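Peer 1:
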Amino acid sequence: MKILSSRVYQGKNIYTLKKCIRLDLDLEGYCEIPSKEIDDFNQNLVIMLPELTKHRCGIDEDRGFIKRLTEGTYLAHVSEHIIIALHNMIGVEISYGKAREISGDNYYVIYQYEYKNAGLEAGNMAVDIINSLINKEQFDLALRLTKLKELLASEQLGLSTLVICDEAKKRGIPILRIGEESIFQLGYGKYSKTIQATMGSDTKEIAVSIAQDKLLTKELLSLHCIPVARGMKIKSKTAAMLGAKDIGYPVVLKPQFGNQGKGVIANIKDEIELMQAFDLLCKDYKDIMIEKHIVGSDYRVCFVYGDIVAVSERIPPYIIGDGESSIENLIANINEDIRRGEGHEKELTKIKIDDTLIAYLGQRNYSLESLLPKEEKLTLKDNANLSTGGFAIDHTDLICEENIAICKRAASAIGLDICGIDLLCHDISKPLSEDGAIIEINAAPGIRMHHNPYSGIKRNVAGHIIDKLFKERPQKFPLVAITGTNGKTTTTRLIAHILSLAGYTVGMTTTSGIYIDGKCIYKGDTTGPKSALSILMNKEIDAAVLETARGGIIRGGLAYDVADVGVITNITQDHLGIDEVETMADLAKVKALVGEAVKEDGYVVINGDDKMSISIIPRLKSPLIIFSHNKDNEVLQTNLKKGGYGIYVDEGHIIIQKDSNSKKLIEINSIGITVKGILKYNIENAMASCAAAVGLGIDYNTIRQGLMSFYCNQNPGRFNMYFVNDKMVILDYGHNKEGYKCVLDGLKHIEHKKLIGVIGVPGDRPDSDILEVGKCAGENFDYIFIKEDRDKRGRSIGEISDLLEKGVLSSKFNTMNMSKISSETEAFIAALDLAEPEDIVIVFFEKSEPLIDIMRSRIDEIKHTPLTAK
Numbered sequence: 005m006k007i008l009s010s011r012v013y014q015g016k017n018i019y020t021l022k023k024c025i026r027l028d029l030d031l032e033g034y035c036e037i038p039s040k041e042i043d044d045f046n047q048n049l050v051i052m053l054p055e056l057t058k059h060r061c062g063i064d065e066d067r068g069f070i071k072r073l074t075e076g077t078y079l080a081h082v083s084e085h086i087i088i089a090l091h092n093m094i095g096v097e098i099s100y101g102k103a104r105e106i107s108g109d110n111y112y113v114i115y116q117y118e119y120k121n122a123g124l125e126a127g128n129m130a131v132d133i134i135n136s137l138i139n140k141e142q143f144d145l146a147l148r149l150t151k152l153k154e155l156l157a158s159e160q161l162g163l164s165t166l167v168i169c170d171e172a173k174k175r176g177i178p179i180l181r182i183g184e185e186s187i188f189q190l191g192y193g194k195y196s197k198t199i200q201a202t203m204g205s206d207t208k209e210i211a212v213s214i215a216q217d218k219l220l221t222k223e224l225l226s227l228h229c230i231p232v233a234r235g236m237k238i239k240s241k242t243a244a245m246l247g248a249k250d251i252g253y254p255v256v257l258k259p260q261f262g263n264q265g266k267g268v269i270a271n272i273k274d275e276i277e278l279m280q281a282f283d284l285l286c287k288d289y290k291d292i293m294i295e296k297h298i299v300g301s302d303y304r305v306c307f308v309y310g311d312i313v314a315v316s317e318r319i320p321p322y323i324i325g326d327g328e329s330s331i332e333n334l335i336a337n338i339n340e341d342i343r344r345g346e347g348h349e350k351e352l353t354k355i356k357i358d359d360t361l362i363a364y365l366g367q368r369n370y371s372l373e374s375l376l377p378k379e380e381k382l383t384l385k386d387n388a389n390l391s392t393g394g395f396a397i398d399h400t401d402l403i404c405e406e407n408i409a410i411c412k413r414a415a416s417a418i419g420l421d422i423c424g425i426d427l428l429c430h431d432i433s434k435p436l437s438e439d440g441a442i443i444e445i446n447a448a449p450g451i452r453m454h455h456n457p458y459s460g461i462k463r464n465v466a467g468h469i470i471d472k473l474f475k476e477r478p479q480k481f482p483l484v485a486i487t488g489t490n491g492k493t494t495t496t497r498l499i500a501h502i503l504s505l506a507g508y509t510v511g512m513t514t515t516s517g518i519y520i521d522g523k524c525i526y527k528g529d530t531t532g533p534k535s536a537l538s539i540l541m542n543k544e545i546d547a548a549v550l551e552t553a554r555g556g557i558i559r560g561g562l563a564y565d566v567a568d569v570g571v572i573t574n575i576t577q578d579h580l581g582i583d584e585v586e587t588m589a590d591l592a593k594v595k596a597l598v599g600e601a602v603k604e605d606g607y608v609v610i611n612g613d614d615k616m617s618i619s620i621i622p623r624l625k626s627p628l629i630i631f632s633h634n635k636d637n638e639v640l641q642t643n644l645k646k647g648g649y650g651i652y653v654d655e656g657h658i659i660i661q662k663d664s665n666s667k668k669l670i671e672i673n674s675i676g677i678t679v680k681g682i683l684k685y686n687i688e689n690a691m692a693s694c695a696a697a698v699g700l701g702i703d704y705n706t707i708r709q710g711l712m713s714f715y716c717n718q719n720p721g722r723f724n725m726y727f728v729n730d731k732m733v734i735l736d737y738g739h740n741k742e743g744y745k746c747v748l749d750g751l752k753h754i755e756h757k758k759l760i761g762v763i764g765v766p767g768d769r770p771d772s773d774i775l776e777v778g779k780c781a782g783e784n785f786d787y788i789f790i791k792e793d794r795d796k797r798g799r800s801i802g803e804i805s806d807l808l809e810k811g812v813l814s815s816k817f818n819t820m821n822m823s824k825i826s827s828e829t830e831a832f833i834a835a836l837d838l839a840e841p842e843d844i845v846i847v848f849f850e851k852s853e854p855l856i857d858i859m860r861s862r863i864d865e866i867k868h869t870p871l872t873a874k
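At position 799 of the sequence shown (counting the first as 1) the number is 803 in the working numbering, and the numbers step up by one without a gap.
Here you go:
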């Protein structure tokens, strides 16, 4: 077995609404060989991975997977369960997976993941395990699991980050991860915030720099008359001795720029201990400071935007002897606690045996091999940081008002919006000035001690942070996603136009580019998840309208979690036979994802006149808005009876109805993109756009104004009309049979003499579809020029034009009126040369800019066409 390719989905996708990975596998001859027929495979697999006995599998019974193995199952299915088991064995709780045949030995496996790199490596391990069992080779599971754990630890989020993200989700604030580090964007657009652990967008860089310098922090707090421990920087042993003499023993040595309690050696009682501590610190730190050792309990006070929201007493790690075990074994026993992790991923951190700990034990005449007498308590460190193995007890209700005021002044002096204030005193309920001091101030303080104290009340610090970060956030950031076969680009642009009239700064993705507030910042087909992310992460916008195409959905899933409105314009035959989409039902499932990923109180807009669009309704959970040309449409009427919305045409007007209440919105002939009612297909696009705006709560007057003021030439590539020396030229991006039919139907209603077509289609279409386009053209045009796109999309030169020619001729078209000119621009020039006044030339183009340049070269000014309807 080998992995052919892998694909990572970071959001909702066509396989599952969870994050997942797809592995494409080659079973290398084992596609029809069940596991039970592979010598010793089942037995050795279960011995190696007893975790598999817990899997209930699809039959949902105890030891269900073992039963499937015994009956005989296939290797792709086995790999799926191994991947899940490996995740569970390293503490990642996932359960979703499935395996499906592509053809022959080619299968794909889909499985849930939490962390991308660990998820991919679990897939590699599963394949290696299967191959080792088949080939009867040794597989070092312990070594590979250790490496997998290390990989997980390198990308795993700390609890502080996790709880902040969780609190954002509870408030309906979407989460976007930025890069591979623990940096997240919370929310979309201009009201979004960026966080890294507990540091956010509002945190001042200079304040962080001050807090990182313990000596500077001490000096600044002292200037603000805040009690601190006396201290100074030292550069030599002599300076250390002089400093200790000046301050008075006991003293503390620590790095000037350290964090998480690393390198802190406290309670140094004499010169010998001082020299030993200095030598130890010099190995790892250049800048060292000495300060007075303050006797008392160690407290962490959490400050969030002007409020003291939590207080914890931090207890240094300790062990209690049993009279039999060595100190090293007692530490190992403590570290077995399931609440302790390697870093910040759990409530507590394992106690690490390092030079500082060994030196600390030596000061107390112990070593790691020492036996600790029964019931004797031995503190293992002077500092009580959770990251060095300590634990916390909540004392938020005990801190006195004087200490609250001191801590607020300290945070203000440094300039931090969120910080952890470390202080030592005997009793937090008594003023600090009596017997204590502030030791440090920490930017990006860990908050796991407050959320999961060893004892006491859990404090929701993350909730306070989110509420303060987003206190000025508007209740809604409109996000609309649009998919379909035809009309989605026009609908996308029209919705964006309506939203801009409603006062929003709109970010938009389309087949022609990415737009911010009406300005194109990137040209190209931008209908995939990466383009959507560029919109959602843009700090200028406060609304997003995302054209979401089939290819992007299949290959990358969705960039967002849920939309306010999802629009499905229609689902007709297109792109079949590509990306494993073989049938209309397959295509409908892909498009349905846009409707499935909508808020519970949002809306899904459905074309009630389109059979395949109607077929996905059972998959949808959100309220519906149905649009139709017919007010008696059965699906529309059913939705109205359920209290939903209907948008329909009646007596030449678009009507909005909810329940039994209807509102006449606008006359069809007044809608800009219908060209006085001539372009019937744009009536559907107008209704879809109207429905989306209704779903967002836009007032009807603004919707009406938007529909009236948006014209075809504001919609690049969609029936754009020009007047060139008494010849009408129409540029359209129609690229399938339905697109051709809609445009040609509109042309029938425009006065003209000859109808001259420059036709072509993209190469990623089935032959049968290309033939149908050719036949449609042959049935409607007087003259035809067949061209090819520059991007052949996998086709050979001349292949598309030959198919189109065959389709044209099947309509009994006069061959004398047809030419094949492969270049799009040359075909257009030939069509213009052939055309006479009052003729119409229509180009189904690949690139519009060169065609517009050609028109400019022939006249001083390209004029929009005044239309005369038949």
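Note that the Cβ used here is the ideal one computed from N, Cα and C, for glycine as well.
Keep in mind that this is a model prediction, so the values were computed, not measured.
Report the residue from V812, A201 and R797 whose alpha carbon sits nearest the alpha carbon of V777.
Peer 2: Of V812, A201 and R797, the residue nearest in Cα terms is V812.
Peer 1: Can you tell me where the alpha helix (DSSP H) with A695 in it begins and where it stops?
Peer 2: Element bounds for A695: Y685 to G699.
Peer 1: Give the secondary structure of P870 by DSSP, where H, G and I count as helix, E and B as strand, and everything else as coil.
Peer 2: Reliability fails at P870, whose pLDDT of 46 lies under 50, so the model's placement of it is uncertain and the value that follows must be treated cautiously. Note: P870 maps to coil in three-state DSSP.
Peer 1: Given that a residue counts as buried once 16 or more other Cβ atoms are within 10 Å of its Cβ, and exposed if not, what is L8?
Peer 2: It counts as exposed.
Peer 1: Helix, strand or coil: how does DSSP classify Y13 here?
Peer 2: It is a strand residue.
Peer 1: Determine the direct distance from the alpha carbon of G532 to that of R11, and round the result to whole angstroms.
Peer 2: About 15 angstroms.
Peer 1: Which whole-angstrom value is the C-beta distance of P457 and C306, which I expect to be below 8 angstroms?
Peer 2: About 12 angstroms; that fails the 8 angstroms criterion.
Peer 1: Find the nearest neighbour of E842 within the set K757, D359 and I357, judged by alpha-carbon distance.
Peer 2: With distances taken between Cα atoms, E842 lies closest to K757.
Peer 1: Work out the CA separation of Y715 and K874 for me, nearest whole Å.
Peer 2: Residue confidence for K874 is low, a pLDDT of 43 falling below 50, so the modelled location carries little weight and cannot support an answer.
Peer 1: Given A696, which residues of its chain have a CB within under 6 angstroms of its CB, disregarding the five upstream and five downstream residues?
Peer 2: Only V484, I499, V569, V571 and V609 meet the Cβ criterion.
Peer 1: Rank D565, I702, E600 and I687 by C-alpha distance to the C-alpha of K173 and give the top, closest one.
Peer 2: Looking at the Cα atoms, D565 is the closest of the given residues.
Peer 1: Applying the criterion that 16 or more other CB atoms from any shown protein chain within 10 Å of the CB defines a buried residue, is L227 buried or exposed?
Peer 2: Exposed.
Peer 1: Near P870, which residues of its chain fall below 7 angstroms by C-beta distance, leaving aside the five closest residues on each side in sequence?
Peer 2: The pLDDT assigned to P870 is 46, lower than 50, so where the model puts this residue is not dependable, and the model offers no usable value.
Peer 1: In or out: Q142 buried (at least 16 other Cβ within 10 Å) or exposed?
Peer 2: Result: exposed.
Peer 1: Can you look up A218 in the DSSP assignment and give me helix, strand or coil?
Peer 2: It should be pointed out that residue 218 corresponds to Lys in this sequence rather than to Ala. Of the three classes helix, strand and coil, the one that applies to K218 here is helix, per DSSP.
Peer 1: How far does the beta strand (DSSP E) with Q264 in it extend, from its first residue to its last?
Peer 2: That residue, Q264, is in no beta strand (DSSP E); it is neither H nor E in DSSP.
Peer 1: Just to confirm before moving on: does the CB-CB distance between N92 and E55 stay below 7 angstroms?
Peer 2: Result yes, Cβ atoms of N92 and E55 sit closer than 7 angstroms.
Peer 1: Thinking C-beta only, is I545 closer than 7 angstroms to G191?
Peer 2: No; because the gap between Cβ atoms is not below 7 angstroms, this pair is not in contact.
Peer 1: State the start and end residues of the unbroken alpha helix (DSSP H) segment that holds A172.
Peer 2: First-last of the alpha helix (DSSP H) with A172: L163 to K174.
Peer 1: Inspect the beta-carbon positions of D876 and G764 and report whether they are closer than 7 angstroms.
Peer 2: Since the first residue of the chain shown is 5 and the last is 874, residue 876 is not available in this structure.
Peer 1: Name the two residues that bound the continuous alpha helix (DSSP H) containing I87.
Peer 2: Its alpha helix (DSSP H) spans residues L79 to M93.
Peer 1: Identify, in the order they occur along the chain, each residue of the same chain with its Cβ nearer than 6 angstroms to the Cβ of K680, setting aside the five sequence neighbours on each side.
Peer 2: If we look at K680 and ignore the five residues flanking it on each side, its Cβ neighbours are N673.
Peer 1: Kindly list the residues whose CB is nearer than 8 angstroms to the CB of P478, restricted to its own chain and excluding five residues on each side of it in sequence; keep chain order.
Peer 2: The answer, listed in chain order, is Y195 and D546.
Peer 1: Measure the alpha-carbon distance for L90 versus D28 and round it to whole angstroms.
Peer 2: For L90 and D28, the distance between alpha carbons rounds to 19 angstroms.
Peer 1: Would A414 and E171 qualify as a contact pair, given that the criterion is a beta-carbon distance under 7 angstroms?
Peer 2: Contact: no.
Peer 1: Looking at the structure shown, is A103 part of a helix, part of a strand, or coil, going by DSSP?
Peer 2: Strand at A103.
Peer 1: Under 7 angstroms Cβ to Cβ from P900, same chain only, skipping five residues before and after it: list those, please.
Peer 2: In this structure the chain extends from 5 to 874, so residue 900 is not present and cannot be described.
Peer 1: Alpha carbon to alpha carbon, how far is G761 from D736?
Peer 2: Spanning the two alpha carbons is a distance of roughly 11 angstroms.
Peer 1: Run through the DSSP bridge pairs and tell me what C524 is partnered with.
Peer 2: According to DSSP, which records beta bridges pairwise, C524 is partnered with Y519.
Peer 1: Taking the alpha-carbon positions, what's the D109 to P38 distance?
Peer 2: D109 and P38: Cα-Cα distance of roughly 13 angstroms.
Peer 1: Could you spell out the range, first to last residue, of the beta strand (DSSP E) harbouring F789?
Peer 2: Per DSSP, F789 belongs to the beta strand (DSSP E) from Y787 to I790.
Peer 1: Quick check on the burial criterion: 16 or more other C-beta atoms within 10 angstroms. Buried or exposed for K6?
Peer 2: So K6 ends up on the exposed side.
Peer 1: Decide if G247 is buried, meaning its Cβ has at least 16 other Cβ atoms within 10 Å, or exposed.
Peer 2: When all chains shown are included, G247 counts as buried.
Peer 1: Is it the case that the Cβ atoms of E551 and T509 are separated by a distance below 7 angstroms?
Peer 2: Against a cut-off of 7 angstroms, the Cβ pair of T509 and E551 comes out as no contact.
Peer 1: L145 to M52, Cα distance in whole Å?
Peer 2: Spanning the two alpha carbons is a distance of roughly 8 angstroms.
Peer 1: Would you list the residues sitting across from Y744 in a DSSP beta bridge?
Peer 2: Note: Y744 sits in no beta bridge, so no partner.
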